[in-house]
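K.L.:
So, in structure tokens, the structure goes:
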């Protein structure tokens, strides 16, 4: 609640319609606020000043002087082990949110035993009710500790990050079930969230017809109507019972309590039949605005999957999304945040610039069109000019001079999304390696130094930024492939590089004579495509055989 000058004097995150559980009902709260404003105006003004001072105090980031060293990783992993739910996976009690960034950090820095934490969590999220076994994609979070009953809302940013988490797990261990989740999740984005213009809509609601989950849950009778003689087998395989596990005797589709399993061909066929039957229901409402930052995350997921899985559909969608952002949201020197039905608005925040710049690097590493690398460079330069704290390091969330902002925050905590500073550090570090831009590297390292004391104090709140720290501390590795993309030998070399989990390497491919910095003085080997693996700017001899590339350590 704000006074006429826009200064807050009271606030909260949730108020029920009627008072319950010690929380004031929203109607009662409105009456009380009106009464205070009418009868105790001076007290309200004083409270507004005190609240503003407290918000400013909490928002202040006392910058560190140096990046944390690698000793922070084992300490973080020890904290994760202490909070790990060994039975059901995940970290901490219910409600359980998908820990995508934490899983990425474990894959990068965890011991063999730590990898089991990631594996259990990935398996539990896949088999539980948070994953939509019919239509693909994940719900927002699980209300219980078992990942069984979800809050049914589906967010673009969750699904983009989870697709990457399962893709990295697939690259690291080769489990085909992880690949299946990646494909189901990205296919959901393409089928249900993609705008005709090329961007992706923000979310789908939890409710339809006034009830949460109504679209997604089933009774055995529903399944019999849809599948006929196959219904009993399906119900047994996916935990749909007469008693139900959700409201009104309905069941969330899941695999935990399966009393049997279906042959793979029947499993896929019956899930698709039931999905088509389900689509006759009233769908949940959709938030059809296109958000730049969230589309950056989706673009990253599609581009990475296109490369790793050699899937042209994902590359086509990623290219269309990037073209949409360039056409509809990029104005040559600044980025807009929101687009809906042909209209773009709202100055971009730090997270928009950073997510889009990083995603364009991912797209370049998928199709190797220099256009995307140059656009990423321009957006990164605009980000530094508009948001960077030149004095103390790091980036502010908003531009200077925005009159409707009470405070200019410097976001560092990784929550449902990576923080703007996490995204900025990642994008700048990778661009620095591709373009040999030392100024980008310095900005990223100053960002990590700025938040160093915070990462030391509460590393579990910075697992995304710790991924950026891992990139900054790791030996720079570039895989440079010289040859035409259409050449079979080029394809073989790229396939080998892309099939492996190499989170801190950057990959570039071009024909001889490319002006890209990583390709200077790099030529064919006896007229044939070849690869160079460079570490700390010291490069291997040209490698012509994929087997030679595979033998190199990660």
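In the numbering used here, the protein residues as written are -17 to 536. Where is the CB? At the ideal position from N, CA and C, for every residue including glycine. Computed from a predicted structure; not experimentally measured.
1. Using the C-alpha atoms, what's the distance from residue 416 back to residue 497?
2. Just the Cα atoms here: how many angstroms apart are residue 349 and residue 2?
3. How would you call residue 42, buried or exposed, if buried means at least 16 neighbouring beta carbons within 10 angstroms?
4. In terms of residue numbering, what span does the alpha helix (DSSP H) encompassing residue 531 cover?
5. Return helix, strand or coil for residue 1, following the three-state DSSP convention.
6. Check for me: the beta strand (DSSP E) holding residue 443 runs from which residue to which?
7. Output needed for residue 219: all residues of its chain with C-beta closer than 6 Å, excluding positions within five of it in sequence on either side, in chain order.
8. First and last residue of the beta strand (DSSP E) that includes residue 135?
9. Using the beta-carbon count (16 or more within 10 Å), is residue 148 buried or exposed?
10. Give me, in chain order, the residues of the same chain whose beta-carbon lies closer than 6 Å to that of residue 437; leave out the 5 immediate sequence neighbours on both sides.
11. Just to confirm, is the Cβ distance from residue -9 to residue 11 under 8 Å?
12. Excluding sequence positions up to five away, which residues of its chain have a Cβ less than 6 Å from the Cβ of residue 179?
13. Counting only the same chain and skipping the five closest in sequence on each side, list residues whose C-beta sits under 8 Å from that of residue 20.
14. Just curious, the alpha helix (DSSP H) that residue 32 is in, first and last residue?
15. Among all the DSSP beta bridges, which residues are the ones paired with residue 539?
16. Between the C-alpha atoms of residue 260 and residue 392, what's the straight-line distance to the nearest angstrom?
17. Less than 6 Å between C-beta atoms, sequence neighbours within five positions excluded: which residues of the same chain meet that for residue 480?
18. Kindly indicate which three-state DSSP category residue 241 falls into: helix, strand or coil?
19. Taking the C-alpha atoms as reference points, what is the distance between residue 110 and residue 77?
20. Distance check for residue 79 and residue 144, CA to CA, integer angstroms please.
21. Starting from residue 301, follow the alpha helix (DSSP H) in both directions and report where the run begins and ends.
22. Measure the CB-CB distance between residue 407 and residue 450 and report whether it falls below 8 Å.
23. Looking at residue 537: is its Cβ nearer than 8 Å to the Cβ of residue 274?
24. Under the DSSP definition of a beta bridge, which residues are partnered with residue 461?
25. Looking only at C-alpha atoms, which of 228, 505 and 92 sits nearest to residue 112?
26. Should residue 262 be labelled buried (16 or more other beta-carbon atoms within 10 Å of its own) or exposed?
27. So residue 222 is in the alpha helix (DSSP H); what residue range does that whole segment cover?
28. For residue 557 and residue 503, I'd like the C-alpha separation in whole angstroms.
29. I want to know whether the stretch 504 to 517 touches the stretch 467 to 476 - three or more CB-CB distances under 8 Å.
P.N.:
According to the data block:
1. Position 515 of the chain shown, counted from the first residue, corresponds to residue 497. Position 434 of the chain shown, counted from the first residue, corresponds to residue 416. The straight-line gap from Cα to Cα measures roughly 12 Å.
2. What you label residue 349 is simply residue 367 of the chain shown in a count that begins at 1. What you label residue 2 is simply residue 20 of the chain shown in a count that begins at 1. Rounded to whole angstroms, residue 349 to residue 2 spans 55 Å at the Cα level.
3. In the chain shown, counting from the first residue as 1, residue 42 sits at position 60. Looking at its Cβ environment, which holds fewer than 16 other Cβ atoms inside 10 Å, residue 42 is exposed.
4. For the purposes of this step, residue 531 is taken as the residue at position 549 of the chain shown. First-last of the alpha helix (DSSP H) with residue 531: 528 to 532.
5. Walking along the chain shown from the start, residue 1 turns up at place 19. It is coil, neither helix nor strand.
6. Here the question's residue 443 lines up with position 461 in the chain shown. Careful: residue 443 lies outside any beta strand (DSSP E) and carries neither H nor E.
7. Residue 219 sits at position 237 when you count from the first residue of the chain shown. Hits under 6 Å: 240, 242, 243 and 244.
8. Position 153 of the chain shown, counted from the start, is the residue given in the question as residue 135. Here residue 135 belongs to no beta strand (DSSP E), and DSSP marks it neither H nor E.
9. Mapped onto the chain shown, residue 148 falls at position 166. Answer is buried; the Cβ neighbour count reaches 16.
10. Translated into positions along the chain shown, residue 437 becomes position 455. Excluding positions up to five away in sequence, the list reads 50 and 444.
11. Position 9 of the chain shown holds residue -9. Position 29 of the chain shown holds residue 11. Not in contact: residue -9 and residue 11 (Cβ atoms no closer than 8 Å).
12. Within the chain shown, numbered from 1, the residue matching residue 179 stands at position 197. Here the set comprises 306.
13. In the chain shown, the residue the question calls residue 20 occupies position 38. Result list for residue 20: empty, nothing under 8 Å.
14. Locating residue 32 in the chain shown gives position 50, counting from the first residue. Its alpha helix (DSSP H) spans residues 23 to 41.
15. Residue 539 lies beyond the residue range present for the chain, which begins at -17 and ends at 536; the question has no answer from this structure.
16. Your numbering for residue 260 matches position 278 in the chain shown. Your numbering for residue 392 matches position 410 in the chain shown. For residue 260 and residue 392, the distance between alpha carbons rounds to 44 Å.
17. Mapped onto the chain shown, residue 480 falls at position 498. Closer than 6 Å at Cβ, skipping near neighbours: 289 and 290.
18. Along the chain shown, read from residue 1 onward, the residue named residue 241 stands at position 259. Residue 241: coil per DSSP, three-state reduction.
19. The residue given as residue 110 occupies position 128 in the chain shown. The residue given as residue 77 occupies position 95 in the chain shown. If I take the Cα positions, the gap works out to 14 Å.
20. Within the chain shown, the letter at position 162 stands for residue 144. Within the chain shown, the letter at position 97 stands for residue 79. Going by the C-alpha atoms only, they are around 11 Å apart.
21. If you number the chain shown from 1, residue 301 lands on position 319. Per DSSP, residue 301 belongs to the alpha helix (DSSP H) from 294 to 306.
22. As a first step, residue 407 must be located in the chain shown, where it is residue number 425. As a first step, residue 450 must be located in the chain shown, where it is residue number 468. In this structure, residue 450 lies closer than 8 Å to residue 407 by Cβ.
23. No answer is possible for residue 537: the residues shown for the chain start at -17 and end at 536.
24. By one-based count along the chain shown, residue 461 stands at place 479. Residue 461 is bridged to 489 and 515.
25. Numbered from 1 along the chain shown, position 130 holds the residue referred to as residue 112. Selection 228, 505 and 92 evaluated against residue 112 yields 228 as nearest (Cα-Cα).
26. For the purposes of this step, residue 262 is taken as the residue at position 280 of the chain shown. Residue environment analysis places residue 262 among the exposed positions, since fewer than 16 neighbouring C-beta atoms fall within 10 angstroms of its C-beta.
27. As a working note, residue 222 is residue 240 in the chain shown. Careful: residue 222 lies outside any alpha helix (DSSP H) and carries neither H nor E.
28. The structure shown does not extend to residue 557, since the chain is modelled only from -17 to 536, so the question has no answer here.
29. yes
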